[in-house]
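When we follow the working numbering, the leftmost residue of the sequence shown carries the number 7, and every step to the right adds one.
Encoded as structure tokens, the structure appears first; notes follow it.
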Amino acid sequence: MAEEEVVDILIPVCRWIRGHYTKLTSGNQAKCNHCAEITIYTSNNRSLANLHEHLVKRHPDILSEEEKKEDKFDWAWDYFIAKSDREATCKLCGSSITYRRVFQLKSHLKRIHKIFNPNSDLVEGNNESNSDNDMIANEDIIKKTDFIPARLYIRKHYTKLPKRNDARCNYCNVKFAILNKRLAILHDHLVKRHPDILSEEEKKEDKFDWSWDYFIVKSDREATCKLCESSIKYQQVTPLKKHLKRIHSDTARNQKNMEHRTRILIY
């Protein structure tokens with residue numbers, strides 16, 4: 007019998023690894039989305055390293071050079087920057103946390119930010135309208151008004167500034183105005199100033215709007231939806247967003263599978 011996707015907690019690994027796997031119902035097993043190889047894991051870093059090692063050895067082109075060298079894999083590290091082997095900075099509040107093991111980082115997330123596990127990546131409801139962005143596929147634990155409308159592989163390297171419509175680079179603190187028609191600036195900055203954090207495929211990418219996370223380009227006028235495999239004709243990105251909102255909004259709202267809901271959150 008074919009394995010089915012699980013409907014409970016996500017694979018407890020960093021997002022940039024988790025996105026390449028599907029959790030199976032048969033115990034703690036993860037199936038690679040690229041070659042279907044199955045890996046058994048536990049929640050300790052040494053075990054989660056097996057998921058990383060598989061990608062590095064079997065699918066190196068999908069990881070950036072920085073990701074290949076990474077040695078911290080627990081989901082909690084999505085929210086911290088390591089300052090040393092004993093101190094980390096919370097990305098959400100800027101606090102410095104002294105740690106020996108990852109549970110101290112998780113304690114901070116639980117106590118201060120009410121983040122209890124990988125499923126807490128879900129954004130709580132906010133019903134404000136925001137033109138084409140009234141439906142947002144946001145994997146970041148930020149309010150909708152803080153959403154950077156660029157693809158995940160771009161926006162995860164930036165922090166939305168709350169008082170202005172600006173984004174700040176997480177590596178060099180350069181600030182950019184966020185404009186839907188000028189998202190290429192965010193990509194161009196990463197390519198020129200921080201090339202090691204992007205894969206070779208990401209460096210060559212020329213589509214930057216968040217909606218492209220859900221489509222595969224067939225031609226300059228046609229794209230295939232990754233969720234339902236429908237072919238959508240487009241000249242601009244608006245038809246792609248309308249398809250997601252019209253066809254997949256109810257699915258995302260009612261989906262028990264938390265992995266799917268994390269990919270598409272619709273308000």
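Ideal Cβ positions, reconstructed from N, Cα and C, are used throughout, including at glycine.
Q: For cysteine 234, count neighbouring Cβ atoms within 10 angstroms of its own Cβ and tell me buried if that reaches 16, exposed if not.
A: By the 10 Å Cβ count, cysteine 234 comes out exposed.
Q) Are the beta-carbon atoms belonging to leucine 111 and tryptophan 83 less than 9 Å from one another? A) Contact: yes.
Q. Under the rule that 16 or more other beta-carbon atoms within 10 Å means buried, what is lysine 75, buried or exposed?
A. Counting Cβ neighbours within 10 Å, lysine 75 comes out exposed, since fewer than 16 surround it.
Q) For the beta strand (DSSP E) that contains glutamine 35, what are its first and last residues? A) Per DSSP, glutamine 35 belongs to the beta strand (DSSP E) from 35-38.
Q: Kindly provide the ranges of any beta strand (DSSP E) runs that are 3 or more residues long and lie completely inside the region 201-238, ordered along the chain.
A: 221-225 and 228-231, all fully within the region 201-238.
(Q) I'd like the span of the alpha helix (DSSP H) that includes phenylalanine 109, first residue to last. (A) Per DSSP, phenylalanine 109 belongs to the alpha helix (DSSP H) from 108-119.
Q) valine 19 bridges to which residues according to DSSP? A) Answer is Asp80, bridged to valine 19.
Q) With contact counted as at least three CB pairs below 8 Å, one residue from each stretch, are the region 18-25 and the region 65-79 in contact? A) These segments touch.
Q: Decide if serine 49 is buried, meaning its Cβ has at least 16 other Cβ atoms within 10 Å, or exposed.
A: The residue is exposed, with fewer than 16 neighbouring Cβ atoms inside 10 Å.
Q: Identify, in the order they occur along the chain, each residue of the same chain with its Cβ nearer than 6 Å to the Cβ of isoleucine 44, setting aside the five sequence neighbours on each side.
A: Result list for isoleucine 44: Gln35 and Lys37, in chain order.
Q. CB-CB under 6 Å to glutamate 10, same chain, minus the five flanking residues each way: which ones, in chain order?
A. Confidence at glutamate 10 is low in this model, with a pLDDT of 40, below 50, so its placement is unreliable and the value that follows should be read with caution. Same-chain partners within the cutoff: Thr31.
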